[in-house]
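Participant: In the order they appear, the protein sequences are chains A and B. If you use our numbering, the first sequence closes out at 1043, no skipped numbers anywhere. If you use our numbering, the second sequence closes out at 418, no skipped numbers anywhere. Okay, handing you the structure first.
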Amino acid sequence: MAAGAHFDDDEILGKAYDATLVRRLGVFVAPYWHRLALATTLMFGGAAVELIPPFLVKQAIDGPIAARDPSGVLPIFGVYIVALLTAFGFRYGQTYIVQSVGQQVMVDIRTRIFSHIQRMSLAFLDRNPVGRLITRLTNDVDALNEFITQGTVALLGDLVRLLFIIMLALNWRLALISFIVFPAVMLASGAFQRIMRTIYRRVRQRIARINAFLNEQISGVLITQLFNREEQSRIRFAELSRDYLAAQLQSNRTFAVFFPLINFLSVTAMALILYFGGQAVLADVATLGMLVAFIQYTDQAFQPIRQIAERYNTFQSAMASAERIFRMLDTPATIVDPEHPRALPTPVRGEIAFENVWFTYDTDAAGPDGSGLTDTDDRWVLRGISFTIPAGQAVAVVGATGAGKTSLVSLMARFYDIQRGSIKLDGIDIRELRQTDLRRHVSAVPQDPVCFSGSIASNIRLYDESIGDEQVRRAAEIARAASFIERLPGSYDYEVRERGSNLSVGQRQLLAFARAIAFNPKVLLILDEATSSVDTETEGLIQEALERMIKGRTSIIIAHRLSTIRHADRILVLHKGRLVEDGSHDELLAKRGYYYRLYQLQFAGELNKN
Amino acid sequence: MIAVVQDYGDATPGIVLQARQTTPGGYAGEPQGSSLAIVGATGAGKTTLVNLLARVRDPDEGQVLIDGHDVRTLPLDALRRGIGYIPQDTFLFSVPIRENVAFGRPDATDEQMMQALTVSRLINDIEQFPRGIDTLIGERGITLSGGQKQRAAIARAILRDPAILVLDDALSSVDTHTAAEILTGLRTLMKGRTSIIIAQRIATVKDADQIIVLHDGVIVERGTHRQLLERGGRYADMYRRELLQAELEEG
């Protein structure tokens, strides 16, 4: 059901190199092109300067050393030192610039992902667990950094080519001798890359499974403990870890074969130079100095090959990360502002109209216009709901569990978009409004209120510094949260832990009430079962607050209790996604229909039992 | 919120809890096979108190006794095997419903499974799921409603056939009618066993053998519904308020 836009790590195959991805990364790197161009220049400069020392060795050996003239060595030594220092300077500049550009690009990409996530609808967030989104922002972005900073590795191949040309120019016979092993090197590298690609894919899949498992097991550790499932979970985790280990060992084995092989080939190349080069020296085809220089050049030629292999894994993981990041960025925000948004009338009246609204959470099956599902499909949560709430009216929504009450209210705040019909605020379809305009007037107290880490006061004002301490206090008093807050150590400065874990559900709800009131929504207040976890005593206080809050505001309240319904001007009765009855409490009771039965079952029960 | 539990001093079968040092006679004794209800305001320490029982937390002072044994002296897995816990915040794993319900008892027979699903009233919902009881839930599967989740958690707890059943405000997302059905089913099921019910509303708890009222981490009242009403204290106040509300609805 929840297919589509979730980014399952298992699906990422980790291509070694993907031109499209590189091009898209290029977009992020492009603003820094001049600094990267400088870095590249420095790198080639450094590489060119590093070619000088072996040549100087040749000069020393063939010149002053052969002539047994120690004083002649000194100037060459001087130039040698200067060359090394220059190369150092080039390398320093290149490394520093590339790293700093990498960090900058990371900041850009992180910010981009964050703002993208913020624009996503609840449907997206329902499908993508927090852990996964955090991984995108942290690990994946870090992996990309590697890619950017090591991106220069791609140029190392060019350096080998440059080196070859110089070697050929210096002495083509010696050059050809040192090239003998290179076809074998190319073959070995090719095979290595092919094998590593497969292994790497396996490594990624298995670590992804471990992550997913850990994520869930840690969130549900209380249940695991209480149900004595530690052992089974441990066994499953050990299995997953072993699978991962097996894949890693395969990768290690491949490296263990490849590196000694490359070393063997490099030593072979040296031996060949020594043997044939030695003969060449004896045959006067090359000088002794030239031979020594060639041994060093051959060694230099092997450096990039080792580096490329070493960084191959980094490269692959960066590619996989890039793929995941772009897939996320490519998920279009399903709830978007219209190109030409309409403005709400000022002042906003707050008239709400639902016109033949059909809604399902299964957007993949339904398609954007709901044509994927027949009218009788079970997956419809709301089926052709129509009603109008005049401005200022307080409406209670009642119905059994799963009747669609929460969905109805979520749609009003446009947390989800409907498939058919329309929802209007003051006669304007809410999809034609800017979301900020809509939500400025819609305040929602959710079923499971969210708390942020920070003080109680900051949780009420939610970073809006225009809401002063006095306003915060007043809101808390109206919401009847003040009494529990004042009992907390530090009262309004009490530190709420992440997700409000040091507050009870009831306290979180009271806090959410205070928050909704602090923002003083001009028009509309939506309360979703907000009183369900609050004790009778607190609830009594909230009822008073409610009465004041809904005065002059259009309100939709999901009611589970008679006491809530008491405040409503009108009751909407939902049954299996349909609006079955609509009217005042007395009218509906007199009608002796569904509400009457529901009342007997749900609410009258409250009376009889007492 | 610290709930401190003190030794009842008597090796009576059952559970002994006390919520603050030395209030004379301030313990809460829970004889085997009876039902205990805990009521109290938001933040009074109700959840903390039951967490001490399964040793999710340990008390800073005093002790919790089950059948006369300090829970800290019992093997942890044996202690927890005896407790069916339905927490306030429902957590289900992204595995099929069957596995979630059988979480604490993977060897359950189909018959036992059906019983758990029936008592928890999840059975009718399951018929509507695409693959019935084998329907995957969570991210790659279907999303359950709040009430369905709570009922799945109830099924999971009763399938363990526990000696002690703990419901921590576990019916908050279930409608009143279904909740009453579940409670009736549980009453039959828990006959001869101990159950602890935390609730916000007196209507849910008034049939319990013993009711304790927690306030700011202290047991302030204890007794049966009738005794507590006669006492005319905090409980009676809560009850009156509930009744008053009900009257207002009628009027």
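Even glycine gets a Cβ: it sits at the ideal position worked out from N, Cα and C.
I need the boundaries of the beta strand (DSSP E) containing L1012/A, first residue and last residue.
Facilitator: Counting from 1 along the first sequence, the entry for residue 1012/A is found at position 579. Secondary structure note for L1012/A: its beta strand (DSSP E) is the uninterrupted segment 1011 to 1016.
Participant: Opposite L334/B in the DSSP bridges: which residues?
Facilitator: Residue mapping note: residue 334/B aligns to position 167 of the second sequence, counting from 1. In DSSP, L334/B forms a bridge with I253/B, I364/B.
Participant: So I918/A is in the beta strand (DSSP E); what residue range does that whole segment cover?
Facilitator: The residue you call residue 918/A lines up with position 485 of the first sequence. Run containing I918/A: none in the beta strand (DSSP E); it sits in the alpha helix (DSSP H), 915 to 920.
Participant: Going by DSSP, name the residue or residues bridged to F792/A.
Facilitator: Translated into the one-based positions of the first sequence, residue 792/A becomes position 359. DSSP lists L815/A as the beta-bridge partner residues of F792/A.
Participant: Name, please, each residue of chain B whose Cβ falls closer than 8 Å to the Cβ of L655/A.
Facilitator: Indexing the first sequence from 1 puts residue 655/A at position 222. Ordered by position in chain B, the residues that pass the 8 Å Cβ test against L655/A are V223, P254, F258.
Participant: Please state whether DSSP places S340/B in a helix, a strand or coil.
Facilitator: For the purposes of this step, residue 340/B is taken as the residue at position 173 of the second sequence. S340/B: coil per DSSP, three-state reduction.
Participant: Looking at chain E, which residues of the region 375 to 409 of chain B have a Cβ within less than 7 Å of any of its Cβ atoms?
Facilitator: No chain E appears in this structure, whose protein chains are A and B.
Participant: Please list, in chain order, the chain B residues whose beta carbon lies closer than 7 Å to that of D1048/A.
Facilitator: Outside the displayed range of chain A (434 to 1043) lies residue 1048/A, so it cannot be described from this structure.
Participant: Is S202/B helix, strand or coil by DSSP?
Facilitator: Reading the second sequence from its first residue, position 35 is the one you call residue 202/B. Here S202/B sits in strand by DSSP.
Participant: Quick one: what does DSSP say L936/A is sitting in, helix, strand or coil?
Facilitator: Position 503 of the first sequence, counted from the start, is the residue given in the question as residue 936/A. In this structure, L936/A counts as coil in the three-state DSSP scheme.
Participant: Using a beta-carbon distance below 8 Å, is A890/A in contact with chain B?
Facilitator: Position 457 of the first sequence, counting from 1, holds the residue named residue 890/A. It does not: the Cβ of A890/A has no partner Cβ on chain B nearer than 8 Å.
Participant: So T987/A is in the beta strand (DSSP E); what residue range does that whole segment cover?
Facilitator: Looking up residue 987/A in the first sequence gives position 554. Taken as a continuous stretch (DSSP letters only), the beta strand (DSSP E) holding T987/A covers 987 to 991.
Participant: What residues of chain A sit near D335/B, judged by a beta carbon separation below 8 Å?
Facilitator: Taking the first residue of the second sequence as 1, we reach residue 335/B at position 168. Near D335/B there are no residues of chain A at all, since even the closest Cβ is about 10 Å away, more than 8 Å.
Participant: At a CB-CB cut-off below 7 Å, which residues of chain A make contact with S261/B?
Facilitator: Here residue 261/B refers to the residue found at position 94 when the second sequence is read from its first residue. Per Cβ cutoff of 7 Å: E649.
Participant: Between G192/B and E388/B, what straight-line distance do the alpha-carbon atoms span, to the nearest angstrom?
Facilitator: Translated into the one-based positions of the second sequence, residue 192/B becomes position 25. Translated into the one-based positions of the second sequence, residue 388/B becomes position 221. Reliability of the predicted coordinates at G192/B is poor, the pLDDT of 33 falling under 50, and the value obtained from them is presented with this limitation in mind. Computed Cα separation, rounded: 11 Å.
Participant: Return the residue from the list A908/A, T747/A, V830/A, T796/A that minimises the CA-CA distance to N572/A.
Facilitator: To locate residue 572/A, count along the first sequence from 1; it is residue 139. Checked all of A908/A, T747/A, V830/A, T796/A; the closest Cα to N572/A is T747/A.
Participant: What does G299/B touch in chain A if you count any residue whose Cβ is under 8 Å from its own?
Facilitator: Taking the second sequence and counting its residues from 1, one reaches residue 299/B at position 132. Result: empty, since nearest Cβ-Cβ is about 13 Å, beyond 8 Å.
Participant: Hey, out of T544/A, L454/A, T582/A, whose CA is closest to I567/A's CA?
Facilitator: In the first sequence, the residue the question calls residue 567/A occupies position 134. Nearest to I567/A by alpha-carbon distance, out of T544/A, L454/A, T582/A, is T544/A.
Participant: How far does the beta strand (DSSP E) with G390/B in it reach, from first residue to last?
Facilitator: Reading the second sequence from its first residue, position 223 is the one you call residue 390/B. Per DSSP, G390/B belongs to the beta strand (DSSP E) from 385 to 390.
Participant: With 16 as the cutoff for other CB atoms within 10 Å, does N1041/A come out buried or exposed?
Facilitator: Taking the first residue of the first sequence as position 1, residue 1041/A is located at position 608. Note on N1041/A: pLDDT 44, under 50, position unreliable in the model; the coordinate value appears next. Under this definition N1041/A is an exposed residue.
Participant: Let me make sure I understand the geometry here. Which of I950/A, T869/A, R864/A, R930/A has the alpha-carbon closest to that of R906/A?
Facilitator: Counting from one through the first sequence, the residue named residue 906/A turns up at place 473. The candidate whose alpha carbon is nearest that of R906/A is I950/A.
Participant: Which whole-angstrom value is the C-beta distance of G526/A and I581/A, which I expect to be below 8 Å?
Facilitator: As a first step, residue 526/A is located in the first sequence; it is residue number 93 there, counting from the start. As a first step, residue 581/A is located in the first sequence; it is residue number 148 there, counting from the start. About 17 Å separates the two Cβ atoms, so there is no contact after all.
Participant: According to the neighbour-count rule (16 or more other Cβ atoms, all chains shown, within 10 Å of its Cβ), is P882/A buried or exposed?
Facilitator: Position 449 of the first sequence, counting from 1, holds the residue named residue 882/A. Buried, by the Cβ-count rule.
Participant: Following the continuous beta strand (DSSP E) through A526/A, name the residue where it begins and the one where it ends.
Facilitator: Translated into positions along the first sequence, residue 526/A becomes position 93. A small correction: the amino acid at residue 526/A is Gly; Ala does not occupy that position in the sequence shown. That residue, G526/A, is in no beta strand (DSSP E); its alpha helix (DSSP H) goes 503 to 552.
Participant: Between D244/B and chain A, is there a C-beta pair that is closer than 8 Å?
Facilitator: Numbered from its first residue, the second sequence carries residue 244/B at position 77. It does: the Cβ of D244/B has a partner Cβ on chain A nearer than 8 Å.
Participant: Could you give the DSSP three-state label for F258/B: helix, strand or coil?
Facilitator: Your numbering for residue 258/B matches position 91 in the second sequence. Reduced to three states, the DSSP call for F258/B is coil.
Participant: Where V490/A and A480/A are concerned, what is the direct C-alpha to C-alpha distance, given to the nearest angstrom?
Facilitator: Stepping through the first sequence from its first residue, residue 490/A is reached at position 57. Stepping through the first sequence from its first residue, residue 480/A is reached at position 47. So the alpha carbons of these two residues sit roughly 17 Å apart.
Participant: For chain B, check one thing: does any of its Cβ atoms lie closer than 8 Å to the Cβ of G939/A?
Facilitator: As a first step, residue 939/A must be located in the first sequence, where it is residue number 506. Yes, G939/A counts as interfacial toward chain B.
Participant: With 16 as the cutoff for other CB atoms within 10 Å, does K1024/A come out buried or exposed?
Facilitator: What you label residue 1024/A is simply residue 591 of the first sequence in a count that begins at 1. By the Cβ neighbour-count rule, K1024/A is exposed, with fewer than 16 other Cβ atoms within 10 Å of its own.
Participant: Determine, using beta carbons only, whether A208/B and H382/B come nearer to each other than 8 Å.
Facilitator: The residue you call residue 208/B lines up with position 41 of the second sequence. The residue you call residue 382/B lines up with position 215 of the second sequence. Yes; because the gap between Cβ atoms is below 8 Å, this pair is in contact.
Participant: Can you grab the Cα-Cα spacing for the pair T189/B / I331/B, in whole Å?
Facilitator: Within the second sequence, numbered from 1, the residue matching residue 189/B stands at position 22. Within the second sequence, numbered from 1, the residue matching residue 331/B stands at position 164. Unreliable positioning characterises T189/B in this predicted model, as indicated by a pLDDT of 33, which lies under 50. The coordinate reading is nonetheless provided below. Going from the Cα of T189/B to the Cα of I331/B covers about 27 Å.
Participant: Strictly below 9 Å CB to CB, what residues from chain B border N403/A?
Facilitator: Because chain A spans 434 through 1043 in this model, residue 403/A falls outside it and cannot be assessed.
Participant: Helix, strand or coil for V664/A per DSSP?
Facilitator: The sequence position of residue 664/A within the first sequence is 231, counting from 1. Rather than Val, the amino acid found at residue 664/A in this sequence is Glu. Helix at E664/A.
Participant: Where does G711/A fall in DSSP's three states?
Facilitator: Here residue 711/A refers to the residue found at position 278 when the first sequence is read from its first residue. Looking at G711/A - three-state DSSP - the assignment turns out to be helix.
Participant: Which residue marks the beginning of the alpha helix (DSSP H) containing V449/B, and which one marks its end?
Facilitator: Residue 449/B is absent from the model: chain B starts at 168 and stops at 418.
Participant: Report all residues from its chain with a CB closer than 6 Å to the CB of I818/A; omit the five preceding and five following residues, and keep chain order.
Facilitator: If you number the first sequence from 1, residue 818/A lands on position 385. Answer for I818/A: F787, V790, L1012, listed in chain order.
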